[in-house]
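K.L.:
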Amino acid sequence: MARVVHTYDDPDRFVAGTVGEPGARTFFLQARAGVRLTSVACEKEQVMALAERLDVMLDEVARRFERDPVTLTSVDDTDPLEQPIEEEFRAGTMTLAWEADAERVVIEVFAVVTGEQVDLEETDPVAAALESEDAEVFIVRITEEQARAFARRAVALVASGRPSCPFCGQPIDPEGHICPRANGYRRHLPE
């Protein structure tokens with residue numbers, strides 16, 4: 002089986018989005034170029050980490066190349082994910098890179114490693130390496146402006162979820178939650 006690579010060079014749109022209600026949301030990374038659309042499921046923490054690392058990387062690029070950080074000229078994309086949302090795979094490892102010649106951010110998202118692949122790695126490392134090469138990968142090359150816009154949207158998306166408990170930091174469901182820092186006292190959302 003050959004590796005499936007979903008590549009987008011300068012996509013028309015690259016965003017993070019969700020499906021579902023806070024507390025039961027599924028997060029996606031989605032790219033579109035023309036009529037081609039790819040959606041990759043991921044965890045909320047992955048979306049937040051990607052946004053944070055993009056900002057750090059772009060600040061470092063600006064510093065190293067002695068240039069002003071990119072100022073955004075376009076309006077933020079607040080539209081929902083495009084339909085149909087068909088999950089290509091679940092995100093595992095992500096990498097970020099800067100292509101200096103093309104002045105593009107490169108984001109690579111690899112499919113999550115399954116339990117079978119982990120077991121295979123323990124018994125036959127060579128076979129596991131060959132199998133992992135067959136995993137799907139999602140590669141997006143975007144401009145600095147697109148990367149900053151992605152990061153801003155991702156931060157807002159994560160923040161739009163359930164509020165955090167001021168004592169333990171865990172999310173508070175509408176019916177409250179049992180707070181370990183309050184000796185099991187049930188905390189509720191402020192009214």
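Take 2 as the starting number for the sequence shown in the working numbering and just add one per residue. The beta carbon of each residue, even a glycine, is placed where N, CA and C say it ideally should be. Keep in mind it's a predicted model, so treat the numbers as computed, not measured.
Going by the CB atoms, is the gap between M95 and E109 shorter than 8 Å?
P.N.:
Here the question's residue 109 lines up with position 108 in the sequence shown. Here the question's residue 95 lines up with position 94 in the sequence shown. Yes.
K.L.:
Could you tell me the boundaries of the beta strand (DSSP E) in which R4 lies?
P.N.:
Taking the sequence shown and counting its residues from 1, the one referred to as residue 4 is at position 3. Neither: R4 is in no beta strand (DSSP E) and is coded neither H nor E.
K.L.:
Could you check if E137 is buried or exposed, using at least 16 other CB atoms within 10 Å of its CB as the buried criterion?
P.N.:
Position 136 of the sequence shown, counted from the start, is the residue given in the question as residue 137. So E137 counts as buried.
K.L.:
In the DSSP output, which residue or residues are listed as bridge partners for L38?
P.N.:
In the sequence shown, counting from the first residue as 1, residue 38 sits at position 37. L38 pairs with R33.
K.L.:
Can you check DSSP and say which residues form a bridge with F111?
P.N.:
Sequence index remark: in the sequence shown, residue 111 carries index 110 (1-based). The partner list for F111 (beta bridge, DSSP) reads V138.
K.L.:
Per DSSP, which residues does C169 bridge with? Please list them.
P.N.:
Looking up residue 169 in the sequence shown gives position 168. Per DSSP, none; premise fails for C169.
K.L.:
Under DSSP, the alpha helix (DSSP H) around A148 begins and ends at which residues?
P.N.:
Taking the first residue of the sequence shown as position 1, residue 148 is located at position 147. Run containing A148: 145-160, per the alpha helix (DSSP H) assignment.
K.L.:
Is it buried or exposed, T79, if we count other Cβ atoms within 10 angstroms and call 16 or more buried?
P.N.:
Here residue 79 is taken as the residue at index 78 of the sequence shown, counted from 1. With fewer than 16 other Cβ atoms within 10 Å, it is exposed.
K.L.:
Taking the CB atoms as reference points, tell me whether L82 and A152 lie closer together than 8 Å.
P.N.:
Position 81 of the sequence shown, counted from the first residue, corresponds to residue 82. Position 151 of the sequence shown, counted from the first residue, corresponds to residue 152. Taking 8 Å as the Cβ cut-off, L82 and A152 do not qualify as a contacting pair.
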